[in-house]
Ligand code: FBP
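Below you can see the structure in the form of structure tokens.
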């Protein structure tokens, strides 16, 4: 018997499972757990279960350089934030648009919960705007430009409910940036007669969403654009957008693996495990995993940058702790390193900036003549790095011109550098033990897991809210769900002006709008908590093994330590 799947939205009543899947995924070949997750009932914030209307807040500004942002976004700058509030009885407000045609796109790296954002939009349309149509653009923004889409219906969406991955419509990293590409996007939305477009993505994709909103409004095109905060990296957040989805699940997956490695280290007593964690420029994932598992050493990139540490300083910090632990006969341990670390070290930043220039001119020859273009300091550093790291630093940049930090094996580099330094200390007689390093990179493993209860529910509310914003004619906002420490019923739902998250960067003599990445704040509660405990974790083994993600019972609804601490809560160890 096909199980009934119900949202507890209560608005449009229970939905019944389609008899079979007609898409790439087949619920009939799912594990029992995957199947049970499809039917997991998602609670909605109370405001989404009643008739509601939208109330505007005060005019917004920008995160920096408001005058420049105002010039770049003359049609959407300064918009107020929007908040959904109940409107019952005689106050009931009819949304201006009854039936909608909406497109949705997944942009950038996978993050658990993306399918639920789409389910949320779809269910909103079913519940509140009957007869509407939802199109999914295939393969990311390229799908918009090339007009590649699929109509999403109940059967299509069903097997993806509460499941990880982005495979319902896939994602991509293309950017809509040239005038021709904007024109292509315009042609597609006109052809489909779209009332709205939801862009589910990180900082770059949401900047792009805002540029599209501006473009469409400037040309009097009716298509409105709403963004949704996605990225496991956790670096797209502000007061109104407390976290990006996917961070919670990814950190819990990595924390389970780190916990297992810790027990392995303690069991054999012979390895130092160097674990590099995804997260690109920011160290939020590393910090959260440290708070969840209590490793012996954790390097936070933002602290390294603030203290202007060199590679040698970081190596010495690790080696000092290894040496001290050896005095207590602990010749094992776990060390967490953020994947973007290399980019935080000022001397490496200079080197990368010089390499970027050289690569942009396309002048990296086999003979190494290109190296003459490096300054002496950068050349010395480059020559000092292991060969593998040299090669990785020369790899092609991503579409945004960034070094692909996921491909740089910093954990291996540190093992080599620590080995060399310990050898020196052996000669000096200050280290007498045996060091063996094991390298790990935990990255892609965390991006497509079954979303936690938090990510499932949060994403569903983000999608449902995005549908509401579009039906009320909003554009240039990012779907925002707040009050996340409270029970779901009390969560707030609304939208925040994308331009209010923006600043400008000067590139090639022009101002370019960017949503500022939210980095780990050294005076923020999560880092302070970590800093107050790290010395104890370094020498005493206070390992915690959080185990696999729970969907029921103790801990199943716990939010990340980072979010809890940022929202004023505390954790007791
Ligand atoms: P987004 O910023 O698009 O969410 O991607 C996050 C991320 O997983 C980073 O943590 C990682 O550095 C990068 O994607 C890897 O990119 P790719 O999937 O292109 O290898």
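In the working numbering, the protein residues as written are 39 to 611. C-beta: ideal position from N, C-alpha, C; glycine also.
Does the distance from the CB of residue i to the CB of residue j come in under 7 Å?
i, j, result
"residue 446", "residue 430", "yes"
"residue 270", "residue 485", "yes"
"residue 169", "residue 137", "yes"
"residue 516", "residue 241", "no"
"residue 152", "residue 207", "no"
"residue 283", "residue 70", "no"
"residue 360", "residue 331", "no"
"residue 67", "residue 325", "no"
"residue 336", "residue 344", "no"
"residue 501", "residue 120", "no"
"residue 594", "residue 425", "no"
"residue 514", "residue 539", "no"
"residue 455", "residue 353", "yes"
"residue 279", "residue 333", "no"
"residue 145", "residue 179", "yes"
"residue 541", "residue 101", "yes"
"residue 232", "residue 141", "yes"
"residue 163", "residue 506", "no"
"residue 262", "residue 234", "yes"
"residue 504", "residue 276", "no"
Look up residue i in the DSSP assignment and give the residues it is bridged to.
i, result
"residue 548", "545"
"residue 478", "313"
"residue 376", "315"
"residue 473", "Paired residues: none, contrary to the question."
"residue 175", "187"
"residue 143", "237"
"residue 371", "310"
Is it buried or exposed for residue i, if we count other Cβ within 10 angstroms and need 16 for buried?
i, result
"residue 143", "buried"
"residue 416", "buried"
"residue 378", "buried"
"residue 320", "buried"
"residue 473", "buried"
"residue 217", "exposed"
"residue 90", "buried"
"residue 569", "exposed"
"residue 154", "buried"
"residue 80", "buried"
"residue 41", "Note that residue 41 has pLDDT 35, beneath the 50 cutoff, so the model's placement of it is unreliable and the number below is only indicative. Under this definition residue 41 is an exposed residue."
"residue 105", "exposed"
"residue 351", "exposed"
"residue 365", "exposed"
"residue 117", "buried"
"residue 305", "exposed"
"residue 289", "buried"
"residue 544", "exposed"
"residue 386", "buried"
"residue 497", "buried"
"residue 400", "exposed"
"residue 214", "buried"
"residue 258", "exposed"
Just checking residue i against the ligand FBP - is the residue's beta carbon closer than 6 Å to any of the ligand's heavy atoms?
i, result
"residue 121", "no"
"residue 444", "yes"
"residue 208", "no"
"residue 271", "yes"
"residue 557", "no"
"residue 318", "yes"
"residue 152", "no"
"residue 503", "no"
"residue 146", "yes"
"residue 240", "yes"
Compute the minimum distance between the beta carbon of residue i and the heavy atoms of the ligand ADP, and state whether it is under 6 Å.
i, result
"residue 589", "In terms of ligand content, the structure shown lacks the ligand ADP and carries the ligand FBP instead."
Along the chain, which unbroken stretches of the alpha helix (DSSP H) at least 4 residues long are found entirely within the region 223-298? 241-256
Counting only runs of 4+ residues fully inside the region 83-126, write out the alpha helix (DSSP H) ranges in chain order. 104-110
Every unbroken beta strand (DSSP E) inside the region 316-362 [3 residues or more]: none
Run through the region 384-434 for me and flag every whole alpha helix (DSSP H) of 4 or more residues, listed as ranges in chain order. 384-398, 414-422, 425-431
Mind pulling the alpha helix (DSSP H) runs of 4 or more residues that sit fully within the region 486-574? 491-509
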